[in-house]
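Below is one structure, written out as structure tokens, with a few remarks after it.
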Amino acid sequence: MAFDEIRKQAIAEWEALQHSDKPRILVGTATCGRAAGALAVLETIERELSRLGIEATVTQVGCIGLCYAEPIVDIIKPNRPRICYSSVTPEIISRLIEDYLVNDNPRSDLALGFIGEGSVDGIPKLFELPMLKPQVRISLRNCGHIDPTDIKQYIANDGYSGFIKALKMTPEEVIAEVKKSGVRGRGGAGFPTGQKWEFCRRSPGKEKYLICNADEGDPGAFMNRSQLESDPHAVLEGILIGAYAIGTTKGYIYCRAEYPLAVERLNIALEQMREYGLLGENILGSGFSFDIEIKEGAGAFVCGEETALMASIEGKRGMPRSRPPFPAVSGLWGKPTNINNVGTWADVAAVLQKGGEWYSHFGSETSKGTKTFSLAGKVARTGLIEVPMGIKLGDIIYEVGGGIVGGKKFKAVLTGGPSGGCLPASMLELSVDYENLTKAGSIMGSGGMLVADEDTCMVDMARFFLSFTQAESCGKCVPCRVGTRQMLDSLERITQGGGQPGDIERLEQLAHLVLSTSLCALGGTAPNPVLTTIRYFRDEYEAHIYQKRCPALVCSKLISYYILPDKCEGCGICLRACPVEAITGGKRMVHVIDQDKCTKCGTCLSVCPERFSAVVKVSGEKLDVPSEPIPVVSSRAKRKSESSDKP
Amino acid sequence: MPEKLARILAPYRGQKGATVPVLQKVQEEIGYLPEEVISEIANFLGLTKNEVYGVASFYGQFRFERPGEHTIKCCQGTACYVQGGRRILESVERELNIPSGETITKDYRFGLERVACFGSCALAPVMVVDKTVYGRMTPSRVREILAQYQGA
Chain F
1 MAFDEIRKQA IAEWEALQHS DKPRILVGTA TCGRAAGALA VLETIERELS
51 RLGIEATVTQ VGCIGLCYAE PIVDIIKPNR PRICYSSVTP EIISRLIEDY
101 LVNDNPRSDL ALGFIGEGSV DGIPKLFELP MLKPQVRISL RNCGHIDPTD
151 IKQYIANDGY SGFIKALKMT PEEVIAEVKK SGVRGRGGAG FPTGQKWEFC
201 RRSPGKEKYL ICNADEGDPG AFMNRSQLES DPHAVLEGIL IGAYAIGTTK
251 GYIYCRAEYP LAVERLNIAL EQMREYGLLG ENILGSGFSF DIEIKEGAGA
301 FVCGEETALM ASIEGKRGMP RSRPPFPAVS GLWGKPTNIN NVGTWADVAA
351 VLQKGGEWYS HFGSETSKGT KTFSLAGKVA RTGLIEVPMG IKLGDIIYEV
401 GGGIVGGKKF KAVLTGGPSG GCLPASMLEL SVDYENLTKA GSIMGSGGML
451 VADEDTCMVD MARFFLSFTQ AESCGKCVPC RVGTRQMLDS LERITQGGGQ
501 PGDIERLEQL AHLVLSTSLC ALGGTAPNPV LTTIRYFRDE YEAHIYQKRC
551 PALVCSKLIS YYILPDKCEG CGICLRACPV EAITGGKRMV HVIDQDKCTK
601 CGTCLSVCPE RFSAVVKVSG EKLDVPSEPI PVVSSRAKRK SESSDKP
Chain V
1001 MPEKLARILA PYRGQKGATV PVLQKVQEEI GYLPEEVISE IANFLGLTKN
1051 EVYGVASFYG QFRFERPGEH TIKCCQGTAC YVQGGRRILE SVERELNIPS
1101 GETITKDYRF GLERVACFGS CALAPVMVVD KTVYGRMTPS RVREILAQYQ
1151 GA
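The listed protein sequences derive, respectively, from chains F and V.
Residue 1 is where the first sequence starts when you use the numbering used here, and the numbers rise one by one after that.
Residue 1001 is where the second sequence starts when you use the numbering used here, and the numbers rise one by one after that.
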């Protein structure tokens, strides 16, 4: 069947679905939806529908990016807008089916927003809500809207039209179009994509390879996972376009093994592409042949580095090598190879669908288009977001993210994961693009964005990131292998109260050495969290070193928990909750924490009833409290003595 | 064992760059990579035992010890770190009496893995027992949850 025919059929089916006289229910079942209980909700939907004898179409869709509101269920009744319900449980969905499907009450109290024409009383427009309004969805255009296991739904939404357009152009014209868009590598380094393709196209040799980097190793980043689970064809279309432009016949997708659902959905997508003649020999009769193989990673962060990734595909230890030669000249199996990140491929498909000029209207002067970020940490609304380049850092945190959770104070935002930097409140006005983030000491990175509040210790955060990069250092080059170890040792010592004058300066010196002499980007960026925390939060380092105090009350060797004798009512809750039996006391006896036994887990503080607030956490001081339980002074007596204290 | 292994390995004969996929498949079927199995794989791939072990030990995914009946994975990713993931790990280590850095209880009932992100960052801190994801963990919930598995 010619592609035109397939497309017509796909559109007809999609339209029929949109105008179906049966209600439709969409359930977000990407990994984060599942972790929040989406599959139990799905089961309940099937059971309730059959119990009530309601005919409805139930579709599993990907992630719309509102992680904090998972599980998300959308209900579309015929001729009504689509209503999106958040934090749905089996109980809530049973009620919704009864109230909305049977009794026509849309339950605005449970709804998050609606999508589409018209209006529903008491429910706002979903994409007008503060977390969605600043977003522009290019890469994530279909996520949460289509069934990722159905290629026809992708085709009906302009899918593969970019590839069809490319086939009618010469490879050079395709590269020119990508150049015109200004799209740059979304894996973090930001190299102009069109230029990269051109290098590889011009490399001599017939046998060339193409790789999609889906080895999202940065902890706290899940853009690629969500993209592949929610709209794999957008990525695959981009890969086809690239393969045609560069002139390769074989591509690999290197995907993290920790993402089983992404791999499953990719396999389904590849099978469907073959079925529709979009993959294999002589694609759509164009004479262009191309095939894709999935390679699963095996848990090594360094394999996100391109030369290490290629070594891993070849079946070796995933260690990087020095460049040049660059992969465009000598890559996989020694042949010219082009490698791009999942996000870049998804963007390229949109560029060809809608034109390079259209794409270049989004973003800033030097960084075009949009960028996906996984917004996590202490913000009220965590999620997968896509914002135009150039947006202010503060807008991401306060508008999209809804500010800091629990009324706490913002302390820092970390971009670029363990290779990035921690930026303080004074940087909230920064407009986010490749150049600005680098200037501030951080990097764009693949898109992890972690927000820390006042309860986060920046020295410990630097230690945490370095412990990760140190463990993941492949050991090939000395500066990274030994340098990260040395830096980690210093940071561990500082957080445990053994810091010495001169440590900060030594750390800085070592950091610059590792940064400038490491073989690959892992070592070349690993010191960033240390350098930025020293640059912006030097006072915290000094407090740890000179006063043996952790201002954020995090570093367990530097903090103590105490029970205040004038507040404790001897209720016994903390005593029973303490996992190491470090608390002694009795009925109506002031409880006492044995400091030698205490593991600083903080359970006592979290369980002490708010009306008593008898447990306190301190650093750098010793409180004068009884060493043995003493009888509780009754609260009435306490109040009495307080009032008599007043003049 | 040899027949089972031969059956697992057969489809990979003559494939380029098969080492990692072979190791993954074998671990999936057998549960871990004991020394004699690594020898067999080396024979099959035409590599030395050291080369195969060199590749296997490079990647975090491969285990060389028998796994526990239940596998507990504690997320040590960034979002979990900010939300106190380390305390959850320490609680598990304490409850199961697994020294820091070790991976298994003496009776092989529980295996402990420290992993770097499940991508369920909105539910941090996260702990996974076998295939069940437990979000928003606290040290006291660790005790409750482990008790369910200890009793069973």
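Virtual Cβ for every residue (Gly too), placed ideally from N, Cα, C.
Could you check whether leucine 42(F) and threonine 29(F) sit closer than 8 Å to each other, using their CB atoms as the reference points?
On the first sequence, position 29 is the one that residue 29(F) refers to. On the first sequence, position 42 is the one that residue 42(F) refers to. Against a cut-off of 8 Å, the Cβ pair of leucine 42(F) and threonine 29(F) comes out as a contact.
Residues that lysine 206(F) contacts on chain V, provided the C-beta gap is smaller than 9 Å
For the purposes of this step, residue 206(F) is identified with residue 206 of the first sequence, where counting begins at 1. Going along chain V, no residue has its Cβ under 9 Å from lysine 206(F), so there is no contact; the nearest lies around 17 Å.
According to DSSP, simplified to helix, strand and coil, what is arginine 463(F)? Residue numbering aside, residue 463(F) sits at position 463 when the first sequence is read from its first letter. Of the three classes helix, strand and coil, the one that applies to arginine 463(F) here is helix, per DSSP.
Inset, instruction - Give the single residue among Ala521(F), Glu505(F), Leu261(F) and Ala543(F) whose Cα lies nearest to the Cα of glutamate 229(F). - result: The sequence position of residue 229(F) within the first sequence is 229, counting from 1. Closest option to glutamate 229(F), Cα to Cα, is Leu261(F).
Rounded to the nearest angstrom, what separates isoleucine 313(F) and serine 1120(V) at their Cα positions? Here residue 313(F) is taken as the residue at index 313 of the first sequence, counted from 1. Here residue 1120(V) is taken as the residue at index 120 of the second sequence, counted from 1. Between isoleucine 313(F) and serine 1120(V), the C-alpha separation is close to 27 Å.
Problem - Ordered list of alpha helix (DSSP H) runs contained in the segment 355-435 of chain F, each at least 4 residues - result: 356-360
Exercise. By Cβ distance below 6 Å, which residues in the same chain neighbour arginine 186(F) in space, the five residues on each side in sequence not counted?
Worked result: Working through the first sequence from its first residue, we reach residue 186(F) at position 186. These residues qualify, in order along the chain: Asn341, Gly343 and Thr344.
Determine the burial state of arginine 51(F): buried for a count of at least 16 other Cβ atoms within 10 Å of its Cβ, exposed for fewer. As a position in the first sequence, residue 51(F) is number 51, starting the count at 1. Exposed: under 16 other Cβ atoms inside 10 Å.
* Buried versus exposed call for serine 119(F) [16 or more other C-beta atoms within 10 Å across all chains shown] -> The residue labelled residue 119(F) in the question sits at position 119 within the first sequence. So serine 119(F) counts as exposed.
Who are the Cβ neighbours of glycine 1068(V) in its own chain at under 7 Å, not counting the five residues just before and after it? Your numbering for residue 1068(V) matches position 68 in the second sequence. Within the same chain, glycine 1068(V) has close Cβ partners Ile1104, Thr1105, Tyr1108, Arg1109, Phe1110 and Gly1111.
Does DSSP put cysteine 84(F) in a helix, in a strand, or in coil? For this step, residue 84(F) is matched to residue 84 along the first sequence. Strand, per DSSP.
Checklist line | Option in Ser1140(V), Met1137(V), Lys1004(V) and Thr1132(V) with minimal Cα separation from histidine 1070(V) | finding: Numbered from 1 along the second sequence, position 70 holds the residue referred to as residue 1070(V). The candidate whose alpha carbon is nearest that of histidine 1070(V) is Thr1132(V).
Do valine 136(F) and isoleucine 241(F) have their C-beta atoms within less than 8 Å of each other? Numbered from its first residue, the first sequence carries residue 136(F) at position 136. Numbered from its first residue, the first sequence carries residue 241(F) at position 241. Taking C-beta atoms as the reference points, valine 136(F) and isoleucine 241(F) fail to come closer than 8 Å.
Through-space distance from glycine 1046(V) to glutamate 1036(V), alpha-carbon basis: In the second sequence, the residue the question calls residue 1036(V) occupies position 36. In the second sequence, the residue the question calls residue 1046(V) occupies position 46. Distance between the alpha carbons of glutamate 1036(V) and glycine 1046(V): 15 Å.
Worksheet entry | cysteine 571(F): first and last residue of the uninterrupted beta strand (DSSP E) it sits in | For the purposes of this step, residue 571(F) is taken as the residue at position 571 of the first sequence. Neither: cysteine 571(F) is in no beta strand (DSSP E) and is coded neither H nor E.
message: Cβ closer than 7 Å: which chain V residues qualify as neighbours of lysine 316(F)?
response: Indexing the first sequence from 1 puts residue 316(F) at position 316. Those are Val1055, listed as they occur along chain V.
| serine 364(F) versus Gly162(F), Leu129(F), Ala582(F) and Ser181(F), residue with shortest Cα-Cα distance | Translated into positions along the first sequence, residue 364(F) becomes position 364. Checked all of Gly162(F), Leu129(F), Ala582(F) and Ser181(F); the closest Cα to serine 364(F) is Ser181(F).
Which residues, in chain order, does the segment 22-50 of chain F contribute to contact with chain V at a C-beta distance below 7 Å? Listed by position, the residues of the segment 22-50 of chain F near chain V (Cβ gap below 7 Å) are Thr31, Cys32, Ala35 and Ala36.
Within 8 Å (strictly less), CB to CB, does threonine 1078(V) reach chain A? Given the protein chain composition of this structure (F and V), no chain A is represented.
Please list, in chain order, the chain F residues whose beta carbon lies closer than 7 Å to that of glutamine 1061(V). Indexing the second sequence from 1 puts residue 1061(V) at position 61. What glutamine 1061(V) touches in chain F: Ala257, Ala298 and Gly299.
As an exercise, report each continuous beta strand (DSSP E) stretch of at least 3 residues that is fully enclosed by the segment 1036-1062 of chain V, in chain order. none
Between the Cα of alanine 376(F) and those of Leu519(F), Ile404(F), Asn282(F) and Glu610(F), spot the shortest distance and give me the residue it belongs to. As a first step, residue 376(F) is located in the first sequence; it is residue number 376 there, counting from the start. Checked all of Leu519(F), Ile404(F), Asn282(F) and Glu610(F); the closest Cα to alanine 376(F) is Ile404(F).
So tyrosine 1081(V) contacts chain F; which residues on that side make the cut at Cβ distance below 7 Å? For this step, residue 1081(V) is matched to residue 81 along the second sequence. Near tyrosine 1081(V) (Cβ distances below 7 Å), the residues of chain F are Phe464.
- Task: Report the residue ranges of all alpha helix (DSSP H) runs contained in full by the segment 1058-1138 of chain V; include only those spanning at least 4 residues, in chain order.
- Result: Complete alpha helix (DSSP H) runs here, min 4: 1078-1082 and 1085-1096.
Requested in this report: Can you give me the Cβ contacts of glutamate 296(F) inside the same chain, cut-off strictly under 7 Å, excluding the 5 residues immediately before and after it?
Outcome: What you label residue 296(F) is simply residue 296 of the first sequence in a count that begins at 1. Excluding positions up to five away in sequence, the list reads Cys255, Ala257 and Val263.
* To do: Report yes or no: is there a C-beta of chain V within less than 8 Å of the C-beta of leucine 450(F)?
  => As a working note, residue 450(F) is residue 450 in the first sequence. Yes, contact with chain V.
Worksheet item: If you run the structure through DSSP and keep just helix, strand and coil, what is glutamate 1144(V)?
Response: The residue labelled residue 1144(V) in the question sits at position 144 within the second sequence. Glutamate 1144(V): helix per DSSP, three-state reduction.
### Task
Output yes or no for whether 8 Å exceeds the beta carbon distance between leucine 1123(V) and alanine 36(F).
Locating residue 1123(V) in the second sequence gives position 123, where the first residue counts as 1. Locating residue 36(F) in the first sequence gives position 36, where the first residue counts as 1. Result yes, Cβ atoms of leucine 1123(V) and alanine 36(F) sit closer than 8 Å.
Which residue's Cα is closest to the Cα of glutamate 55(F): Gly62(F), Val61(F) and Glu46(F)? Against the first sequence, residue 55(F) aligns to sequence position 55. Selected option, being the one with the closest Cα: Glu46(F).
### Message
Is any non-hydrogen atom of the ligand SAM found closer than 7 Å to the C-beta of valine 379(F), if you look at the structure I gave you?
### Response
In the structure shown, the ligand SAM is absent, as is every other ligand, since no ligand is present at all.
Check your understanding: Closest by CA to valine 183(F), which one among Ser606(F), Asp347(F), Ser431(F) and Thr525(F)?
Key -> Here the question's residue 183(F) lines up with position 183 in the first sequence. It is Asp347(F) whose Cα lies nearest to the Cα of valine 183(F).
Note to self: My output table needs one value for isoleucine 1030(V): the three-state DSSP class, helix, strand or coil.
What the structure shows: The residue given as residue 1030(V) occupies position 30 in the second sequence. Note: isoleucine 1030(V) maps to helix in three-state DSSP.
Assigned secondary structure, proline 325(F) (DSSP; H/G/I helix, E/B strand, else coil):
Working through the first sequence from its first residue, we reach residue 325(F) at position 325. It is coil, neither helix nor strand.
Review point. Going by DSSP, what residues sit across from asparagine 341(F) in a beta bridge?
Key: Taking the first residue of the first sequence as 1, we reach residue 341(F) at position 341. Its beta-bridge partners are Asn213(F).
message: Please classify valine 478(F) as buried or exposed, where buried requires at least 16 neighbouring CB atoms within 10 angstroms.
response: Working through the first sequence from its first residue, we reach residue 478(F) at position 478. Label assigned to valine 478(F): exposed.
Residue from Asp104(F), Arg611(F) and Ser518(F) with nearest C-alpha to arginine 80(F): Position 80 of the first sequence, counted from the start, is the residue given in the question as residue 80(F). It is Asp104(F) whose Cα lies nearest to the Cα of arginine 80(F).
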